[in-house]
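Single-structure report; data block below.
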Amino acid sequence: MDSQLKIYNSLSKDKEVFTPLIPGRVGMYVCGPTVYNNVHLGNCRTFVSFDIIYRYLLHLGYKVRYVRNITDVGHLEGDHDTGAEDKLGKMARLEQLEPMEVAQKYTVGFHDMMKIFNTLPPNIEPRATGHIPEQIEMVQTIINNGYGYEANGSVYFDTIKFAESSGMYGKLSGRKIEDLMAESRDNLKKQDEKRHPSDFAIWIKADPEHLMRWNSPWSLGFPGWHLECSAMSTKYLGTQFDIHGGGGDLKFPHHENEVAQNFGACNCNPARTWMHGNMLLLNGKKMSKSDGNSIMPEELFTGNSAHISKGYSPMVIRFFMLQTHYRSTLDLTDEALQAAEKGYRRLMEAYASLQKMTLTGDGQRSEQDGEVAALIKGVKAEMDDDFNTPKALALLFEAVSKINSWKDGHQSMAGLGESTLSALKDLFQTFLFDIFGLKDEAAAGDNHFKTLDGLMQLVIDMRQDARTRKDWPASDKIRDTLKELSIQLKDGKEGTAWTME
RNA sequence: GGUCGGGUGGCCGAGUGGCUAGGCAGAGGUCUGCAAAACCUCGUACGGCGGUUCGAAUCCGCUCCCGACCUCCA
9 MDSQLKIYNS LSKDKEVFTP LIPGRVGMYV CGPTVYNNVH LGNCRTFVSF
59 DIIYRYLLHL GYKVRYVRNI TDVGHLEGDH DTGAEDKLGK MARLEQLEPM
109 EVAQKYTVGF HDMMKIFNTL PPNIEPRATG HIPEQIEMVQ TIINNGYGYE
159 ANGSVYFDTI KFAESSGMYG KLSGRKIEDL MAESRDNLKK QDEKRHPSDF
209 AIWIKADPEH LMRWNSPWSL GFPGWHLECS AMSTKYLGTQ FDIHGGGGDL
259 KFPHHENEVA QNFGACNCNP ARTWMHGNML LLNGKKMSKS DGNSIMPEEL
309 FTGNSAHISK GYSPMVIRFF MLQTHYRSTL DLTDEALQAA EKGYRRLMEA
359 YASLQKMTLT GDGQRSEQDG EVAALIKGVK AEMDDDFNTP KALALLFEAV
409 SKINSWKDGH QSMAGLGEST LSALKDLFQT FLFDIFGLKD EAAAGDNHFK
459 TLDGLMQLVI DMRQDARTRK DWPASDKIRD TLKELSIQLK DGKEGTAWTM
509 E
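Here our numbering is used: the first residue of the first sequence is 9, the next is one more, and so on.
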């Protein structure tokens with residue numbers, strides 16, 4: 009709890025020592041998906057990043073309230089926030105479903121995928137359509153405070169007024185208000201209703217064909233995108249809270265407008281720390297369906313895609329994500345995934361070896377003990393430095409070399425203290441599973457695995473007998489046949505281990 | 001065009017004013033019946049050109065290239 013956790017704040021563009029508003033507690037809001045289609049992989053990366061952040065905060069002992077919304081109304085297709093079709097409404101029309109059926113379908117799919125990636129569920133997962141009264145109330149408050157105005161049944165946020173009174177419109181995304189004002193677009197519909205081009209809709213009067221609409225003091229309509237996050241973060245975390253996160257592409261306009269709305273409603277800045285994950289690229293380019301530069305999670309698992317040579321398991325992908333800092337772009341390539349797969353296995357195998365180890369030395373501590381102790385401290389220090397998972401992982405891999413050396417007798421464990429060894433075991437257990445959220449897929453402890461392992465021990469014994477007799481054809485036949493079945497035997501000093509490839 | 005972020009060894013990726021992560025691949029070695037696995041050693045990289053400095057890949061300037069955002073996007 010007394011850690012010196014530092015977090016990079018997009019608002020100040022600097023790393024800051026993290027101090028929660030209420031000691032011991034953290035309120036964290038992360039922008040969730042708009043459930044109009046299957047989650048795509050970039051989405052998953054953002055949520056995995058924040059999952060690790062959430063897990064680490066829990067590890068530090070904070071009582072965290074993690075809120076991640078589901079947006080199921082208000083998010084429009086096309087050019088601007090008026091005159092375009094709602095994403096959910098469009099899918100509903102195309103698939104001939106109720107909008108809520110669309111939302112339900114993709115919400116379930118999203119949850120399934122989050123589970124596959126082993127992310128912890130948020131504490132509250134509010135839906136935009138479940139908070140229409142709260143949003144209407146917020147619009148009214150914004151109007152009352154003089155930051156919103158009605159025009160023809162729609163309500164707009166007055167960005168110029170906000171910029172003048174707060175001086176911070178554009179601060180989060182590094183934009184100048186003059187530039188925003190100059191960004192007038194010819195193809196903008198309903199531009200005439202706005203006082204300034206940079207103003208945005210917080211309540212939109214529905215066209216007759218619009219599927220989702222609610223009564224409000226201004227019109228039969230629906231809330232603007234951005235507003236749901238402002239209303240729901242306020243409801244569950246208060247007008248001010250600790251962390252607001254999301255993908256980097258949400259900085260503008262979504263987050264910028266959120267700040268504005270919250271300020272307009274409460275005259276205060278909502279989140280103290282803004283965190284943004286970076287993009288996932290595919291072969292050096294942003295994923296884009298229209299260019300064919302895209303891959304769905306399922307395709308990644310099955311290998312059914314022209315971009316990859318084979319399938320990769322969810323935990324390999326999670327490990328792959330951990331190897332890059334959350335604020336860096338991550339380039340997904342087949343070669344990089346292969347490297348990640350091997351690295352992930354090596355780490356898991358070393359973990360298994362470590363847990364079985366007992367001390368062989370005399371308990372006299374030597375230099376080696378100090379090295380391991382420093383390593384253990386280092387891993388935590390890296391996570392305290394803005395959740396630096398790649399560096400923490402690098403240190404764990406240094407431990408992997410040591411573990412394998414001890415195991416194969418290349419290096420003596422002499423000089424390692426009992427408490428140091430057990431701290432190292434704890435470190436692996438805690439970081440790999442509790443914080444990084446990995447699972448050991450090979451040893452996915454079900455009954456079948458137990459049976460298989462028993463069977464394998466028998467086969468290994470029989471091969472060992474053959475080897476003792478120097479019956480090389482027999483022993484090699486066992487080894488080679490298993491290899492064809494994707495089971496690899498690994499001969500070591502202490503006998504033979506096996507793994508599934 | 002505007003704004004921002006990058007260009008690191010074969011690939012992916014940390015980091016940072018001097019002690020020069022890590023993973024994967026490659027080379028050599030140890031071990032082994034052979035192999036695999038494992039371990040050890042090795043390649044001394046930071047787009048280009050200038051400048052600041054005792055010293056820069058790390059700071060500054062210029063330049064080239066790439067990406068993101070500016071419009072739906074995590």
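Where a beta carbon is used, it is the ideal one built from N, C-alpha and C, also for glycine.
Asked, Found
"Have a look at G256 and R183 and give me their C-alpha separation to the nearest angstrom.", "15 Å"
"How about L96 and V81: do their beta carbons lie closer than 9 Å?", "yes"
"What residues are listed by DSSP as bridge partners for Y44?", "Beta-bridge pairing links Y44 to no other residue."
"Helix, strand or coil: which one does DSSP assign to Y164?", "strand"
"State the Cα-Cα distance for the pair L219 and I185, rounded to the nearest angstrom.", "35 Å"
"Exposed or buried, which one is G229 when buried takes at least 16 other CB atoms within 10 Å?", "buried"
"Return the first residue and the last residue of the beta strand (DSSP E) that Y37 is part of.", "33-38"
"Report all residues from its chain with a CB closer than 8 Å to the CB of A381; omit the five preceding and five following residues, and keep chain order.", "T428, A431"
"Buried or exposed for W480, please, with buried defined as at least 16 other CB atoms from any protein chain shown within 10 angstroms of its CB.", "exposed"
"In three-state DSSP terms, what is F208?", "strand"
"Kindly confirm or deny that the stretch 253-268 and the stretch 103-110 touch, where touching means at least three C-beta pairs closer than 8 Å.", "no"
"Decide yes or no for the touch test of the stretch 139-149 against the stretch 335-343: beta carbon pairs closer than 8 Å, at least 3 of them.", "no"
"Which same chain residues end up closer than 6 Å to F327 when comparing Cβ atoms and leaving out the 5 residues on each side of it in sequence?", "A348, Y352"
"Would you please state the rounded distance, in angstroms, between the beta carbons of D299 and K14? I believe it to be under 8 Å.", "Rounded, the Cβ-Cβ distance is 38 Å, inconsistent with contact."
"Please classify V25 as buried or exposed, where buried requires at least 16 other C-beta atoms within 10 Å of its C-beta.", "exposed"
"Exposed or buried, what is N152 when buried is set at 16 or more other beta-carbons lying within 10 Å of its beta-carbon?", "exposed"
"Tell me whether G378 sits in a helix, a strand or coil according to DSSP, three-state version.", "helix"
"With 16 other CB atoms within 10 Å as the buried threshold, where does A314 fall?", "exposed"
"Considering R280, what are the terminal residues of the beta strand (DSSP E) in which it resides?", "279-285"
"Buried or exposed for D499, going by 16 or more other Cβ atoms inside 10 Å?", "exposed"
"When you compare only the Cα positions, how much space is there between P31 and L84?", "39 Å"
"What are the start and end residues of the beta strand (DSSP E) that includes F55?", "Looking at the DSSP string, F55 is not in any beta strand (DSSP E); the run it does join, the alpha helix (DSSP H), is 49-67."
"Might you give, ordered along the chain, the residues of its own chain that have their beta carbon closer than 6 Å to the beta carbon of S317, omitting 5 neighbours on each side?", "D342"
"If you follow the alpha helix (DSSP H) that R487 is in, where does it begin and where does it stop?", "480-492"
"When you compare only the Cα positions, how much space is there between P28 and K123?", "29 Å"
"Give the list of continuous beta strand (DSSP E) stretches no shorter than 3 residues that lie fully inside the stretch 231-258.", "249-255"
"Evaluate D89 with the Cβ neighbour count: other Cβ atoms within 10 Å of its Cβ, from every protein chain shown; 16 or more gives buried, anything less gives exposed.", "Confidence is the limiting factor: at D89 the pLDDT is only 43, short of 50, which leaves the residue's position unreliable, though a coordinate-based value still follows. Its Cβ being crowded by 16 or more others within 10 Å, D89 is buried."
"For R193 and Y164, what's the separation of their Cα atoms in angstroms?", "A caution first: R193 carries a pLDDT of 44, below 50, which makes its placement in the model too unreliable to give a value."
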